[in-house]
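Student:
Residue numbers (the numbering used here): 1 to 364.
1. Within 10 Å of its beta-carbon, does residue 310 have 16 or more other beta-carbons around it, so buried, or fewer, so exposed?
2. Taking the C-alpha atoms as reference points, what is the distance between residue 14 and residue 122?
3. Considering only DSSP beta bridges, list what residue 16 is partnered with.
4. When burial is assigned at 16 or more other CB atoms within 10 Å of the CB, is residue 70 buried or exposed?
5. Does the region 246–266 touch the region 288–301, meaning 3 or more C-beta pairs lie closer than 8 Å?
6. Fully enclosed by the region 256–327, which alpha helix (DSSP H) runs are 4 residues long or longer?
7. Identify whether residue 58 lies in helix, strand or coil by the three-state DSSP scheme.
8. Using three-state DSSP, classify residue 240 as helix, strand or coil.
9. For residue 22 versus residue 78, is the C-beta spacing smaller than 8 Å?
10. Indicate whether the contact test is met: 3 or more Cβ pairs, each with one atom in the region 55–68 and one in the region 140–147, closer than 8 Å.
11. Alpha carbon to alpha carbon, how far is residue 284 from residue 36? Give it in angstroms, no decimals.
12. Helix, strand or coil: how does DSSP classify residue 10 here?
13. Touch check for the region 26–45 and the region 101–108: three-plus C-beta pairs under 8 Å?
14. Helix, strand or coil: which one does DSSP assign to residue 360?
15. Span of the alpha helix (DSSP H) holding residue 151?
16. For residue 349, I'd like the list of residues in its chain whose CB is within less than 7 Å of its CB, leaving aside the five on either flank, ordered along the chain.
17. Using a Cβ-Cβ distance under 8 Å, would residue 41 count as near chain D?
18. Out of 341, 245, 84, which one is the CA nearest neighbour of residue 119?
19. Inspect the CB distances between the region 320–340 and the region 218–227 and report whether three or more fall short of 8 Å.
20. Given this structure, state the Cα-to-Cα distance separating residue 102 from residue 18, to the nearest angstrom.
21. Of all the options 227, 280, 196, 232, which has the alpha carbon lying nearest to the alpha carbon of residue 128?
22. Mind checking residue 364: buried by the 16 CB within 10 Å criterion, or exposed?
23. Nearest to residue 82 by alpha carbon, out of 88, 104, 90, 54?
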C-alpha cells in the first residue's frame with residue numbers, strides 16, 4: 001500500500017457485500033461519513049472501489065460483511081493491498097426491528113463496527129491449505145449426503161417392490177445390497193413392466209451410490225495427503241483423522257494472526273467453559289455457541305480417545321470420582337483437545353515457514 005499524502009485524513013472502510021455488487025462507505029475516525037458508493041462485484045469493481053476509497057482518506061482498516069461468502073474475493077483483494085480486513089458483524093434483529101434497513105446503512109454500520117471495536121475478527125486469507133481443505137470438504141460432504149439419500153431411496157423402493165423380489169434382497173447388508181442391485185437386469189419383454197422398471201431403477205441408484213462413494217474416497221485421500229503434508233503433528237495425534245483435522249483447520253484459517261490464542265480458538269469451537277453459577281453453587285455448563293461443525297469434530301476426537309487412549313480414560317475416571325457428570329467431563333476434554341490442536345497447528349506452521357519451497361514439493 002502506497003503512503004498517503006500528509007493532508008489526507010485517517011479513515012476506515014465498510015462494505016456491504018452482495019452477489020452482483022458491493023456498497024462501500026468511508027468514514028473519518030470521528031465518525032463523519034466521507035462517501036458512499038456502489039461498485040460491481042468483479043475484479044475491475046474491486047480496483048475501482050479501492051481507488052475511490054484511497055482518494056477519500058488514508059485507509060488502514062476495513063470491515064467487510066459476509067467475508068466468507070459474497071465478500072471473500074473482495075477481502076482477499078484488500079488484504080493484498082496491505083489493509084487490515086475485519087469481519088463486520090451484522091446489526092442483529094433488535095437493531096433491524098428498531099429501524100429501517102438499506103445497503104447504504106449496512107455499509108456505514110460495517111465501518112462503524114470497525115471504529116467502535118465491535119469488528120475484531122480478522123477475515124480468513126483464503127490463500128493456503130486451510131482454504132484447499134475447505135473446498136475438498138464441501139465436495140466430500142455433498143457426496144456423502146447424496147450417497148446417503150440414494151441409499152434411502154433404494155431401500156424405500158424395495159419396501160414397495162414385489163414380495164418375492166423384496167424377500168430375496170432384504171437380508172443383505174447395505175454393501176451387499178448395492179452390489180446385488182448393480183447386477184440386476186430388466187429381463188425380457190414378457191416380464192411385468194413394473195418389475196422391469198423397479199429393477200432398472202434399483203440398478204441406476206446402485207450405480208449412483210458407487211460413483212458417489214468413489215468420489216468421497218478420492219476427496220478423503222486428498223484431504224489426508226494435504227493435512228499430512230502441511231500438518232503432520234496434527235494428523236499423528238491420537239483420535240484425529242483427516243476429516244476432523246480438515247474441519248479444524250478450515251475453522252482456524254490460513255492466517256495465524258486471525259486468532260489471538262488458544263482460548264480464542266476454544267471459544268470459536270464452542271469448547272470454552274460458560275459460567276453458570278448462582279449463590280453457593282459454582283458451576284460451568286456446556287457452550288452451545290461457536291462453530292458447531294468444529295465442536296462436533298472435537299466431540300468425535302474425545303469419544304475416540306475415551307475408547308482407545310489410556311491417558312484420557314484415566315482422566316475420565318478421576319473426574320467422575322470427583323463428582324463430575326459424563327457431559328461435564330466431555331466438556332473439559334473438548335477444552336483440552338482444542339488447546340492441544342491449537343498448539344500442534346502453530347508448531348506445524350512454524351516448521352513449514354522454515355521449510356524450503358523445494359522440499360515442500362516433494363513431501364507426500
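By construction, the Cβ of each residue, glycine as well, lies at the ideal position given by its N, Cα and C atoms.
Tutor: Taking the geometry as given:
1. exposed
2. 14 Å
3. 23
4. buried
5. yes
6. 262–269, 292–308, 310–321
7. Strand at residue 58.
8. coil
9. Not a contact, by the Cβ cut-off of 8 Å.
10. No, the region 55–68 does not touch the region 140–147.
11. Going by the C-alpha atoms only, they are around 46 Å apart.
12. When DSSP states are grouped into helix, strand and coil, residue 10 belongs to the strand group.
13. yes
14. With a pLDDT of only 46 at residue 360, under 50, the local geometry of the prediction cannot be trusted, and no value is derived from it.
15. For residue 151, the uninterrupted alpha helix (DSSP H) segment begins and ends at 129–159.
16. Counting only Cβ-Cβ distances below 7 Å, and skipping sequence neighbours, we find 256.
17. Note that chain D does not occur in the displayed structure, where there is just one protein chain.
18. 84
19. Look at the beta carbons and you see the region 320–340 not touching the region 218–227: under three pairs across the two are nearer than 8 Å.
20. 12 Å
21. 227
22. With a pLDDT of 38 at residue 364, under the threshold of 50, the modelled position of this residue cannot be trusted; read the value that follows with caution. With fewer than 16 other Cβ atoms within 10 Å, it is exposed.
23. 54
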